[in-house]
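Engineer: After the structure tokens below, expect a handful of questions from me.
Protein chains in written order, with our numbering: chain A, 604 to 797; chain B, 604 to 797.
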């Protein structure tokens, strides 16, 4: 259910993601940092030279509006994405899983709490879209119960739980080994008709 | 006030960040994706080959505990970081600014709400540390009032506002052009003495 992307572009994104990981792993003792930076800059320059303008790229990104392979949570075209593997359940709820690596670290050995917030914002919004009642996020509340481990599979759920006029509520969790680590609630508001 | 890092490593991180941006800009029509992916994989391989083990790297990351140049919000050693430029005010509150590019996009032309959440989680925690009362994040609440624009300067504030026993509260904002876009509150709990 994650967005579809040309395989060569997905591999390019994976390679950029691998570079991100390797830079964080190498850290302050990175070998040949100056030479490797030059190589990376040359790759970036080549991509930039032949890329569409930012305006053109943005126009294409949002046509059609429901195809978002560039998003930073599960997008196969975005090296910032962990990525999550997201599936749509039969009841239109969201189930996702991911293994977070070193770049996403907050406390030693655990996920940055802000990444949990990023993930929950994304999947709660998706749950409302899949339930057919999309709106803008108005409020997001996260309860952090246990730290989320790095380097092992983490399970994510989200579902719409109620609609009251223009207000939509969705709830979700991040769990590891069957134990809830983060419990989130989102309030979304449908725009007024024009 | 952002963490210090060797200049060649900061440049390597900047180059990786530029690659991330260029991959997102190029998108599904990326030129020479297969060849460029091979170059990126070769860079990653070289970094990985000479990097410390993950365990060793993590040990070094957290010594000393208050030096976190690898973090994904303002870390000069982490290509995932936008990065924010963070300053400590005279009253120990946090002031930060950033310009977010295409990889951080949520709705067309605006920041992903989850990135606002990531940023606020980070700076609210920092505000409690600078006030001398650090604890684990227990609850984070975000009110989204207006979308946060991409490609222009965004201002971030955070300050500790109260301590009640083991509970610490901090509040903060993300604003653009002087108007609050996101208002956040964090509740932190100091661990019980062992």
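Glycine residues also receive a C-beta, built at the ideal position from the N, C-alpha and C atoms.
Closer than 7 Å between beta carbons: that is the criterion. Which residues of the stretch 753-777 of chain B meet it against chain A?
Structural biologist: Listed by position, the residues of the stretch 753-777 of chain B near chain A (Cβ gap below 7 Å) amount to none.
Engineer: To the nearest angstrom, how far is the alpha carbon of residue 735/B from that of residue 702/A?
Structural biologist: The residue given as residue 735/B occupies position 132 in the second chain. The residue given as residue 702/A occupies position 99 in the first chain. Straight-line Cα distance between these residues: approximately 33 Å.
Engineer: What three-state label does DSSP hand residue 752/A in the structure shown?
Structural biologist: Counting from one through the first chain, the residue named residue 752/A turns up at place 149. It is a strand residue.
Engineer: Do residue 608/A and residue 655/A have their CB atoms nearer than 7 Å?
Structural biologist: Within the first chain, the letter at position 5 stands for residue 608/A. Within the first chain, the letter at position 52 stands for residue 655/A. Taking 7 Å as the Cβ cut-off, residue 608/A and residue 655/A do not qualify as a contacting pair.
Engineer: Are residue 678/A and residue 727/A close, meaning C-beta to C-beta below 7 Å?
Structural biologist: As a first step, residue 678/A is located in the first chain; it is residue number 75 there, counting from the start. As a first step, residue 727/A is located in the first chain; it is residue number 124 there, counting from the start. The answer is no: Cβ separation not under 7 Å.
Engineer: Mind checking residue 754/B: buried by the 16 CB within 10 Å criterion, or exposed?
Structural biologist: Indexing the second chain from 1 puts residue 754/B at position 151. Answer is exposed; the Cβ neighbour count stays below 16.
Engineer: Is the stretch 710-725 of chain A touching the stretch 749-768 of chain A in the sense that three or more CB pairs, one from each, lie closer than 8 Å?
Structural biologist: Touching, per the Cβ criterion.
Engineer: Taking only beta-carbon atoms, is residue 604/A less than 7 Å away from chain B?
Structural biologist: If you number the first chain from 1, residue 604/A lands on position 1. The predicted model places residue 604/A with a pLDDT of 39, which falls under 50 and marks its position as unreliable; any figure quoted below should be read in that light. With 7 Å as the cut-off, residue 604/A does not count as an interface residue toward chain B.
Engineer: Counting only beta-carbon separations shorter than 7 Å, does residue 713/B have a partner in chain A?
Structural biologist: What you label residue 713/B is simply residue 110 of the second chain in a count that begins at 1. Cβ-Cβ to chain A under 7 Å: no for residue 713/B.
Engineer: Hey, is residue 720/B's beta-carbon within less than 7 Å of any beta-carbon in chain A?
Structural biologist: Residue 720/B sits at position 117 when you count from the first residue of the second chain. It does: the Cβ of residue 720/B has a partner Cβ on chain A nearer than 7 Å.
Engineer: Evaluate the contact criterion for the stretch 737-748 of chain B versus the stretch 683-691 of chain B: three or more CB pairs, one atom per stretch, below 8 Å.
Structural biologist: Too few Cβ pairs lie closer than 8 Å, so no.
Engineer: Could you check what DSSP says for residue 724/A in three-state terms: helix, strand or coil?
Structural biologist: Here residue 724/A refers to the residue found at position 121 of the first chain. In the structure shown, residue 724/A sits in a helix (DSSP, three-state: H, G or I).
Engineer: Check the Cβ of residue 687/A against every Cβ in chain B and list those closer than 7 Å, keeping chain order.
Structural biologist: Position 84 of the first chain, counted from the start, is the residue given in the question as residue 687/A. Here the premise fails: no neighbours, minimum Cβ distance about 11 Å.
Engineer: Helix, strand or coil: how does DSSP classify residue 779/A here?
Structural biologist: If you number the first chain from 1, residue 779/A lands on position 176. Three-state result, residue 779/A: strand.
Engineer: Rounded to a whole number of angstroms, what is the C-alpha to C-alpha distance between residue 708/A and residue 674/B?
Structural biologist: Locating residue 708/A in the first chain gives position 105, counting from the first residue. Locating residue 674/B in the second chain gives position 71, counting from the first residue. Roughly 7 Å between the two C-alpha positions.
Engineer: Using CA coordinates, which residue listed in 706/B, 760/B, 719/B and 748/B is at the minimum distance from residue 729/B?
Structural biologist: The residue labelled residue 729/B in the question sits at position 126 within the second chain. The residue with the shortest Cα to Cα distance from residue 729/B is 760/B.
Engineer: Do you know offhand how far residue 698/B's Cα is from residue 784/A's?
Structural biologist: Translated into the one-based positions of the second chain, residue 698/B becomes position 95. Translated into the one-based positions of the first chain, residue 784/A becomes position 181. Residue 698/B and residue 784/A: Cα-Cα distance of roughly 30 Å.
Engineer: Go to residue 650/A, then tell me how far its alpha helix (DSSP H) extends in each direction, as first and last residue.
Structural biologist: The residue given as residue 650/A occupies position 47 in the first chain. 636-653 is the extent of the alpha helix (DSSP H) around residue 650/A.
Engineer: Using a Cβ cut-off of 8 Å, which residues of the stretch 620-640 of chain A contact any Cβ in chain B, in chain order?
Structural biologist: So the list reads 621, 622, 623, 624, 625, 626, 627, 628, 629, 630, 631, 632, 633, 634, 635, 636, 637, 639 and 640, given in the order they occur along the chain.
Engineer: Chain B partners of residue 616/A, CB-CB under 7 Å?
Structural biologist: Taking the first chain and counting its residues from 1, one reaches residue 616/A at position 13. Chain B residues near residue 616/A: 626.
Engineer: Residue range of the beta strand (DSSP E) that residue 687/B falls in?
Structural biologist: If you number the second chain from 1, residue 687/B lands on position 84. It is not in any beta strand (DSSP E) - residue 687/B carries neither H nor E in the DSSP assignment.
Engineer: Could you name the residues that DSSP lists as bridge partners for residue 700/A?
Structural biologist: To locate residue 700/A, count along the first chain from 1; it is residue 97. Answer is 688/A and 758/A.
Engineer: Tell me whether residue 795/A is buried or exposed, calling it buried when 16 or more other Cβ atoms sit within 10 Å of its Cβ.
Structural biologist: Walking along the first chain from the start, residue 795/A turns up at place 192. Exposed, by the Cβ-count rule.
Engineer: Whole angstroms is fine: what's the gap from residue 676/B's alpha carbon to residue 627/A's?
Structural biologist: Taking the second chain and counting its residues from 1, the one referred to as residue 676/B is at position 73. Taking the first chain and counting its residues from 1, the one referred to as residue 627/A is at position 24. Cα to Cα, the separation comes out at about 13 Å.
Engineer: Within the continuous beta strand (DSSP E) that includes residue 616/B, where are the two ends?
Structural biologist: The residue labelled residue 616/B in the question sits at position 13 within the second chain. Residue 616/B -> not in any beta strand (DSSP E); alpha helix (DSSP H) instead, spanning 610-629.
Engineer: What is the residue span of the beta strand (DSSP E) that residue 742/A lies within?
Structural biologist: Locating residue 742/A in the first chain gives position 139, counting from the first residue. Run containing residue 742/A: 739-747, per the beta strand (DSSP E) assignment.
Engineer: May I ask you to list the residues that DSSP assigns as paired with residue 789/A?
Structural biologist: Start at 1 with the first residue of the first chain, and residue 789/A comes out as number 186. For residue 789/A, which the question treats as bridged, DSSP gives the partners 743/A and 773/A.
Engineer: Evaluate residue 694/A with the Cβ neighbour count: other Cβ atoms within 10 Å of its Cβ, from every protein chain shown; 16 or more gives buried, anything less gives exposed.
Structural biologist: The residue given as residue 694/A occupies position 91 in the first chain. Exposed, because fewer than 16 other Cβ atoms sit within 10 Å of the Cβ of residue 694/A.
Engineer: By DSSP, does residue 714/A sit in helix, in strand, or in coil?
Structural biologist: In the first chain, residue 714/A corresponds to position 111, counting from 1. Looking at residue 714/A - three-state DSSP - the assignment turns out to be strand.
Engineer: Could you compute how far the alpha carbon of residue 696/B sits from the alpha carbon of residue 639/B?
Structural biologist: By 1-based counting over the second chain, the position of residue 696/B is 93. By 1-based counting over the second chain, the position of residue 639/B is 36. Going from the Cα of residue 696/B to the Cα of residue 639/B covers about 44 Å.
Engineer: Consult DSSP for residue 695/B and reduce its assignment to one of helix, strand or coil.
Structural biologist: Start at 1 with the first residue of the second chain, and residue 695/B comes out as number 92. Of the three classes helix, strand and coil, the one that applies to residue 695/B here is coil, per DSSP.
Engineer: Would you kindly work out how many angstroms separate the C-alpha atoms of residue 662/B and residue 630/A, rounded to a whole number?
Structural biologist: Here residue 662/B refers to the residue found at position 59 of the second chain. Here residue 630/A refers to the residue found at position 27 of the first chain. Between residue 662/B and residue 630/A, the C-alpha separation is close to 12 Å.
Engineer: Could you compute how far the alpha carbon of residue 719/B sits from the alpha carbon of residue 725/A?
Structural biologist: Here the question's residue 719/B lines up with position 116 in the second chain. Here the question's residue 725/A lines up with position 122 in the first chain. The straight-line gap from Cα to Cα measures roughly 12 Å.
Engineer: Report all residues from its chain with a CB closer than 6 Å to the CB of residue 762/A; omit the five preceding and five following residues, and keep chain order.
Structural biologist: As a position in the first chain, residue 762/A is number 159, starting the count at 1. Here the set comprises 696 and 730.
Engineer: Please list the partners that residue 729/B has in chain A, where partner means a Cβ-to-Cβ separation under 7 Å.
Structural biologist: Here the question's residue 729/B lines up with position 126 in the second chain. Within 7 Å Cβ-Cβ: nothing; residue 729/B doesn't reach chain A, min ~11 Å.
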